[in-house]
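What follows is a single structure, written as C-alpha coordinates, with notes after it.
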Amino acid sequence: MPSWNIHTAHVERLLREEGAARLGVRDVNAFLFGNFLPDIYVGYMVPVPVARLRDYRETHFADGGAIPSPNYQAFWDRFVVGCDAEDAGSLHDLALGAWAHLVCDSVYNTRTRAYIASIGVKAGDVTRKRKQRDFALFGRTFDISLRPRVTPELIAACAAYPQYPVIEADVREAVAVAGRIVDENHEGLIRSIPTYDLLTPEFFSAASEEANETIVAGLLGQAL
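Under our numbering, the sequence shown has 127 at position 127, and the numbering climbs by one with no breaks.
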(Lines of atoms letter the chains of each structure in order from A and count residues from 1; the text may use other names and numbers.)
(Lines give C-alpha, C1' and ligand atoms only; values in the text may rest on other atoms or scores of the structure.)
Protein backbone atom coordinates (compact mmCIF):
# COMPACT_ATOMS: atom_id res chain seq x y z
CA MET A 1 0.00 0.00 0.00
CA PRO A 2 1.20 3.58 -0.51
CA SER A 3 3.17 5.07 2.36
CA TRP A 4 2.44 8.43 3.91
CA ASN A 5 4.81 10.33 1.66
CA ILE A 6 2.75 9.19 -1.32
CA HIS A 7 -0.51 10.11 0.41
CA THR A 8 0.94 13.53 1.28
CA ALA A 9 2.03 14.03 -2.33
CA HIS A 10 -1.51 13.31 -3.49
CA VAL A 11 -2.93 15.88 -1.05
CA GLU A 12 -0.42 18.49 -2.18
CA ARG A 13 -1.33 17.85 -5.82
CA LEU A 14 -5.05 18.17 -5.05
CA LEU A 15 -4.53 21.49 -3.31
CA ARG A 16 -2.16 22.76 -5.98
CA GLU A 17 -4.21 21.80 -9.03
CA GLU A 18 -7.79 22.03 -7.74
CA GLY A 19 -7.74 24.07 -4.54
CA ALA A 20 -9.42 23.22 -1.25
CA ALA A 21 -12.50 25.38 -1.78
CA ARG A 22 -13.34 23.84 -5.16
CA LEU A 23 -13.04 20.36 -3.65
CA GLY A 24 -15.33 21.20 -0.74
CA VAL A 25 -12.56 21.01 1.85
CA ARG A 26 -12.70 23.64 4.58
CA ASP A 27 -10.23 22.32 7.13
CA VAL A 28 -7.14 21.37 5.12
CA ASN A 29 -5.36 20.15 8.25
CA ALA A 30 -8.17 17.69 9.06
CA PHE A 31 -8.30 16.55 5.43
CA LEU A 32 -4.54 15.95 5.40
CA PHE A 33 -4.66 14.01 8.65
CA GLY A 34 -7.58 11.97 7.33
CA ASN A 35 -5.27 10.78 4.57
CA PHE A 36 -3.24 9.02 7.29
CA LEU A 37 -6.00 8.01 9.68
CA PRO A 38 -6.84 4.51 8.31
CA ASP A 39 -3.24 3.41 8.98
CA ILE A 40 -2.99 4.62 12.58
CA TYR A 41 -4.44 1.57 14.30
CA VAL A 42 -3.09 -1.02 11.85
CA GLY A 43 0.26 -0.85 13.64
CA TYR A 44 2.64 -0.38 10.71
CA MET A 45 3.15 3.37 10.85
CA VAL A 46 2.30 4.50 14.37
CA PRO A 47 3.34 2.75 17.60
CA VAL A 48 0.16 2.22 19.61
CA PRO A 49 -0.81 -0.23 22.39
CA VAL A 50 -1.87 -3.65 21.18
CA ALA A 51 -5.27 -3.12 22.79
CA ARG A 52 -6.05 -0.43 20.20
CA LEU A 53 -4.81 -2.28 17.12
CA ARG A 54 -7.40 -3.03 14.44
CA ASP A 55 -7.37 -5.31 11.43
CA TYR A 56 -6.53 -3.73 8.06
CA ARG A 57 -9.73 -5.18 6.62
CA GLU A 58 -11.73 -3.19 9.17
CA THR A 59 -9.86 0.11 9.00
CA HIS A 60 -9.71 0.05 5.19
CA PHE A 61 -13.04 -1.58 4.29
CA ALA A 62 -10.90 -4.16 2.48
CA ASP A 63 -11.23 -7.66 1.21
CA GLY A 64 -8.80 -10.38 2.21
CA GLY A 65 -5.81 -11.62 0.29
CA ALA A 66 -2.15 -10.77 -0.02
CA ILE A 67 -2.74 -7.37 -1.66
CA PRO A 68 -6.12 -6.23 -0.30
CA SER A 69 -8.26 -3.70 -2.13
CA PRO A 70 -10.23 -1.22 0.03
CA ASN A 71 -13.86 -0.63 -0.85
CA TYR A 72 -13.78 3.16 -0.82
CA GLN A 73 -17.32 3.41 -2.21
CA ALA A 74 -18.69 1.49 0.76
CA PHE A 75 -16.84 3.84 3.10
CA TRP A 76 -18.21 6.87 1.23
CA ASP A 77 -21.77 5.56 1.40
CA ARG A 78 -21.53 4.89 5.13
CA PHE A 79 -19.50 7.79 6.48
CA VAL A 80 -19.55 10.61 3.94
CA VAL A 81 -23.05 10.55 2.46
CA GLY A 82 -25.38 12.33 4.82
CA CYS A 83 -22.55 14.00 6.72
CA ASP A 84 -23.38 17.67 6.29
CA ALA A 85 -20.20 19.69 5.75
CA GLU A 86 -21.69 22.78 7.36
CA ASP A 87 -22.70 21.01 10.57
CA ALA A 88 -19.87 18.46 10.84
CA GLY A 89 -17.05 20.90 10.08
CA SER A 90 -13.61 19.36 10.58
CA LEU A 91 -15.11 15.90 11.05
CA HIS A 92 -16.45 16.00 7.51
CA ASP A 93 -13.03 16.92 6.13
CA LEU A 94 -11.41 14.19 8.22
CA ALA A 95 -13.78 11.63 6.69
CA LEU A 96 -13.06 12.96 3.20
CA GLY A 97 -9.36 12.53 3.83
CA ALA A 98 -9.82 8.96 5.05
CA TRP A 99 -11.86 8.24 1.93
CA ALA A 100 -9.07 9.66 -0.26
CA HIS A 101 -6.61 7.37 1.54
CA LEU A 102 -8.77 4.35 0.71
CA VAL A 103 -8.99 5.44 -2.92
CA CYS A 104 -5.20 5.55 -3.17
CA ASP A 105 -4.71 2.18 -1.49
CA SER A 106 -7.40 0.63 -3.68
CA VAL A 107 -6.05 1.98 -6.96
CA TYR A 108 -2.40 1.17 -6.27
CA ASN A 109 -3.13 -2.27 -4.82
CA THR A 110 -5.62 -3.25 -7.53
CA ARG A 111 -3.15 -2.20 -10.21
CA THR A 112 -0.38 -4.12 -8.44
CA ARG A 113 -2.46 -7.29 -8.44
CA ALA A 114 -3.23 -6.90 -12.13
CA TYR A 115 0.37 -6.08 -13.02
CA ILE A 116 2.01 -8.99 -11.23
CA ALA A 117 -0.57 -11.35 -12.71
CA SER A 118 0.24 -10.02 -16.19
CA ILE A 119 3.95 -10.85 -15.77
CA GLY A 120 3.34 -14.21 -14.11
CA VAL A 121 4.39 -13.27 -10.58
CA LYS A 122 2.42 -14.75 -7.71
CA ALA A 123 1.42 -12.83 -4.61
CA GLY A 124 3.29 -13.86 -1.49
CA ASP A 125 5.82 -12.71 1.07
CA VAL A 126 8.68 -12.32 -1.41
CA THR A 127 6.48 -10.37 -3.81
CA ARG A 128 5.19 -8.23 -0.94
CA LYS A 129 8.73 -7.25 0.03
CA ARG A 130 9.64 -6.44 -3.57
CA LYS A 131 6.49 -4.33 -3.84
CA GLN A 132 7.25 -2.50 -0.61
CA ARG A 133 10.79 -1.67 -1.73
CA ASP A 134 9.48 -0.23 -4.98
CA PHE A 135 6.80 1.81 -3.22
CA ALA A 136 9.45 3.11 -0.80
CA LEU A 137 11.57 4.29 -3.75
CA PHE A 138 8.57 5.90 -5.45
CA GLY A 139 7.58 7.68 -2.26
CA ARG A 140 11.02 9.26 -1.99
CA THR A 141 10.67 10.92 -5.40
CA PHE A 142 8.29 13.54 -3.94
CA ASP A 143 9.57 16.81 -2.52
CA ILE A 144 6.74 17.10 -0.02
CA SER A 145 6.35 19.80 2.62
CA LEU A 146 2.79 19.62 4.02
CA ARG A 147 2.63 18.55 7.67
CA PRO A 148 -0.46 17.97 9.85
CA ARG A 149 -0.78 20.01 13.06
CA VAL A 150 -2.33 19.10 16.38
CA THR A 151 -5.25 21.49 16.84
CA PRO A 152 -8.34 21.44 19.07
CA GLU A 153 -10.46 20.98 15.94
CA LEU A 154 -8.44 17.95 14.83
CA ILE A 155 -8.50 16.34 18.27
CA ALA A 156 -12.26 16.82 18.51
CA ALA A 157 -12.86 15.47 15.00
CA CYS A 158 -10.74 12.37 15.68
CA ALA A 159 -12.58 11.71 18.94
CA ALA A 160 -15.88 11.88 17.03
CA TYR A 161 -14.69 9.83 14.03
CA PRO A 162 -17.72 7.61 13.38
CA GLN A 163 -15.92 4.40 12.39
CA TYR A 164 -13.87 4.34 15.61
CA PRO A 165 -12.46 7.12 17.81
CA VAL A 166 -8.80 8.09 17.60
CA ILE A 167 -7.63 9.30 20.99
CA GLU A 168 -5.54 12.43 21.47
CA ALA A 169 -2.31 10.60 22.34
CA ASP A 170 -2.47 8.67 19.08
CA VAL A 171 -3.31 11.81 17.11
CA ARG A 172 -0.19 13.44 18.49
CA GLU A 173 1.96 10.40 17.73
CA ALA A 174 0.63 10.18 14.16
CA VAL A 175 1.29 13.88 13.60
CA ALA A 176 4.87 13.37 14.79
CA VAL A 177 5.33 10.38 12.46
CA ALA A 178 3.98 12.33 9.49
CA GLY A 179 6.38 15.18 10.25
CA ARG A 180 9.35 12.82 10.41
CA ILE A 181 8.38 11.36 7.05
CA VAL A 182 8.51 14.84 5.49
CA ASP A 183 11.98 15.33 7.01
CA GLU A 184 13.14 11.94 5.73
CA ASN A 185 11.92 12.74 2.23
CA HIS A 186 13.89 15.99 2.27
CA GLU A 187 17.02 14.14 3.36
CA GLY A 188 16.65 11.17 1.01
CA LEU A 189 14.91 12.78 -1.95
CA ILE A 190 15.40 10.87 -5.20
CA ARG A 191 15.66 13.36 -8.06
CA SER A 192 15.91 10.81 -10.87
CA ILE A 193 13.76 7.90 -11.97
CA PRO A 194 14.46 5.02 -9.56
CA THR A 195 15.45 1.56 -10.71
CA TYR A 196 12.50 -0.54 -9.56
CA ASP A 197 12.69 -4.26 -8.90
CA LEU A 198 9.13 -5.43 -9.53
CA LEU A 199 7.10 -2.48 -10.77
CA THR A 200 7.90 0.18 -13.38
CA PRO A 201 7.88 3.97 -13.77
CA GLU A 202 4.93 3.59 -16.13
CA PHE A 203 3.04 1.62 -13.48
CA PHE A 204 3.47 4.35 -10.90
CA SER A 205 2.59 7.13 -13.34
CA ALA A 206 -0.63 5.41 -14.39
CA ALA A 207 -1.63 4.50 -10.82
CA SER A 208 -0.97 8.02 -9.59
CA GLU A 209 -3.09 9.54 -12.36
CA GLU A 210 -5.99 7.16 -11.76
CA ALA A 211 -5.94 7.77 -8.01
CA ASN A 212 -5.87 11.54 -8.49
CA GLU A 213 -8.69 11.50 -11.04
CA THR A 214 -10.85 9.29 -8.83
CA ILE A 215 -10.35 11.51 -5.79
CA VAL A 216 -11.02 14.69 -7.75
CA ALA A 217 -14.19 13.26 -9.29
CA GLY A 218 -15.52 12.20 -5.89
CA LEU A 219 -14.70 15.46 -4.13
CA LEU A 220 -16.06 17.63 -6.92
CA GLY A 221 -19.23 15.58 -6.94
CA GLN A 222 -19.86 16.10 -3.23
CA ALA A 223 -18.88 19.77 -3.44
CA LEU A 224 -21.55 20.60 -6.03
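In this text, a Cβ means the ideal position worked out from N, Cα and C, and glycines have one as well.
Whole angstroms is fine: what's the gap from residue i's alpha carbon to residue j's?
{"i": "F31", "j": "G179", "result": "16 Å"}
{"i": "A20", "j": "W99", "result": "16 Å"}
{"i": "I193", "j": "P201", "result": "7 Å"}
{"i": "V182", "j": "L219", "result": "25 Å"}
{"i": "V11", "j": "N35", "result": "8 Å"}
{"i": "Y164", "j": "V48", "result": "15 Å"}
{"i": "V103", "j": "F75", "result": "10 Å"}
{"i": "D125", "j": "A206", "result": "25 Å"}
{"i": "R54", "j": "H186", "result": "31 Å"}
{"i": "I6", "j": "R26", "result": "22 Å"}
{"i": "I142", "j": "V46", "result": "The question names Ile, but residue 142 is Phe in the sequence shown. When rounded, the distance between both Cα atoms is 21 Å."}
{"i": "S73", "j": "D63", "result": "One detail in the question is off: residue 73 reads as Gln in this sequence, not Ser. If I take the Cα positions, the gap works out to 13 Å."}
Just verifying my parser: in three-state terms, what is the DSSP assignment at residue i?
{"i": "P70", "result": "strand"}
{"i": "A9", "result": "helix"}
With residue i as the anchor, note down where its alpha helix (DSSP H) starts and where it stops.
{"i": "Y56", "result": "Y56 to T59"}
{"i": "K129", "result": "D125 to G139"}
Just mark residue i as buried or exposed, buried being the case when its beta carbon has 16 or more other beta carbons within 10 Å.
{"i": "I167", "result": "exposed"}
{"i": "V50", "result": "exposed"}
{"i": "S69", "result": "buried"}
Return the Cβ separation of residue i and residue j in integer angstroms, given the expectation that the two are a contact with Cβ distance under 8 Å.
{"i": "V216", "j": "L14", "result": "7 Å"}
{"i": "D93", "j": "D134", "result": "D93 to D134, Cβ: 31 Å. No contact."}
{"i": "R79", "j": "P148", "result": "The question names Arg, but residue 79 in the sequence shown is Phe. In fact, because the Cβ distance is near 20 Å, the residues do not count as touching under 8 Å."}
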